[in-house]
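Worksheet: the structure to be examined is printed underneath.
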Amino acid sequence: MLSGLARSLWRPASAASGVARMITPTTKQTTLLMQGRSLSTVTFRNSLNKATTTSVTRTYATATATASPTSSSTTPQFKTYTPSSPGRRWLKRVPRDHLWKGKPVRALTIAKRSTAGRNNTGRITVRHRGGGHKRRLRIVDWYRRESGSQLVERIEYDPGRTAWIALLKHQTTGRQSYILAPHDLQPGSVIHSFLDKSSWNQTKNGITTTLPIDKGNCLPLSRIPTGTIIHAIGMKRNGPAQVARSAGTYAQLLSTGETGHAIIRLSSGEVRKFPVDVCATIGVVSNPGNMHESLGKAGRSRWMGIRPSVRGVAQNACDHPHGGGKGKTKGGKDPRSPWGTLAKGGKTRKHPNKMVVRGRPRR
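Reminder that position 300 of the sequence shown reads as 299 in numbering that gives the first Met the number 0, one-by-one numbering, no gaps.
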């Protein structure tokens, strides 16, 4: 049943429109409606607000600048083309207008020598590789050992990875280096690396400053607040970043401490332990719309060095477990690889990893 004031605000459906609508109440009417609520409801909501505003403040770090990976700024915008050909009709790419138009720093590049998926004996160990355009890879600094402030000069494209890279220039030594660019990192920004313990306690005007938790800053896991979004995580002390490096990926720090292991939830849903001394970078990896791109045609895959693949049911019985027989049949077998390994959610790890707290969700 509606109260008297609520009934006065409700206007029934007219014969022309057939849709009932609610009149927007004025400020005075809203106040009367608020006063008409029960005391128990007000007490419950006040207690809930107090509970949600209570947080634990860490004295050695500030996490006010950490952006949420689900914010509206991460929504990718795609560039489509006039369908002048079948290949351009379905082509959908992430805009690259913000990237550097010139060439990379020559001293920070190395030529990519293609092996077409073959090992030192000439046998194919990785299928569907070969050909592709000539590429020159950028040397990315995965260690971030040099402390001090570094200026972001520009954001560039790297043919060897899906994410963008950022060119840094050390403001003291002038040394240039490439790093994995976090999402929304702008040229002209200043980022830091705090892997050196001597840079943890900085004194300015007699006041000890804290470590800034800004996107692009590199810190050990022991100095990052719980709940922070991170990427480019190392697996060994003084080792390079190895986890969460592809475009749009990130991880969340669940717990940490001064010694022992930190617990991190990865993008796959797996919860895993990492040593608290390893490196990690704040923020989400750039180019989150890469997973939604459409190449448009098979030739674009060949430019990237990807060769075609053949379905198992279309092969001979001597080449694939699904091959042979009359018609399209898998022979009553579960989906599997050419070597008999289950391909749809089957477990292949013989010995469990002690660092995995909870495995990723499986279909």
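Glycine included, each C-beta is placed from N, C-alpha and C at the ideal position.
Kindly identify the DSSP beta-bridge partner or partners of residue i.
i, result
"Y177", "V139 and L166"
"L380", "Because the chain is modelled from 0 through 362, residue 380 falls outside the range shown and cannot be assessed."
"P158", "Beta-bridge pairing links P158 to no other residue."
"K91", "T79 and S293"
"R128", "I305"
"G116", "DSSP lists no partner for G116."
"G247", "Bridge partners of G247: none, in fact."
"G101", "DSSP output for G101 lists no bridge partner at all."
"G233", "A240"
Counting along the chain, where does the alpha helix (DSSP H) carrying residue i start and finish?
i, result
"G288", "That residue, G288, is in no alpha helix (DSSP H); it is neither H nor E in DSSP."
Starting from residue i, trace the beta strand (DSSP E) both ways and give me its first and last residue.
i, result
"A110", "T108 to A110"
"A261", "H260 to R264"
"R87", "Not the beta strand (DSSP E): R87 falls in the alpha helix (DSSP H), residues P85 to R88."
"S148", "G147 to E155"
"Q251", "A250 to S254"
"R359", "No beta strand (DSSP E) contains R359, which DSSP labels as neither H nor E."
"I229", "I228 to H230"
"H191", "V189 to S192"
"Q241", "A240 to V242"
Considering only their Cβ atoms, is the gap separating residue j from residue i smaller than 7 Å?
i, j, result
"V312", "K296", "no"
"R88", "P82", "yes"
"V242", "V356", "no"
"P274", "R236", "yes"
"T225", "L252", "yes"
"S293", "K78", "no"
"G324", "N315", "no"
"R359", "S254", "no"
"Q149", "I190", "yes"
"T172", "N289", "no"
"P351", "K332", "no"
"V104", "Q175", "yes"
"H97", "R306", "no"
"V139", "Y80", "no"
"F193", "L210", "yes"
"H291", "K272", "no"
Could one say the Cβ of residue i lies closer than 7 Å to chain C's Cβ atoms, at least one of them?
i, result
"G116", "No chain C is part of this structure, which consists of one protein chain only."
For a minimum of 4 consecutive residues, which ranges assigned as the alpha helix (DSSP H) are wholly contained in the segment 263-343? 297-302
Pairs of beta-carbons, one from the segment 130-140 and one from the segment 102-113, closer than 8 Å: are there three or more? yes
Any 3 or more C-beta pairs closer than 8 Å across the segment 215-226 and the segment 113-130: no
Do three or more CB pairs link the segment 147-154 to the segment 174-193 at distances below 8 Å? yes
Are the segment 138-153 and the segment 248-255 touching by the rule of at least three beta carbon pairs closer than 8 Å? no
Would you check if the segment 229-243 and the segment 278-291 touch, i.e. whether three or more CB-CB distances between them fall below 8 Å? yes
Report yes or no: do the segment 334-353 and the segment 162-177 share at least 3 C-beta pairs separated by less than 8 Å? no
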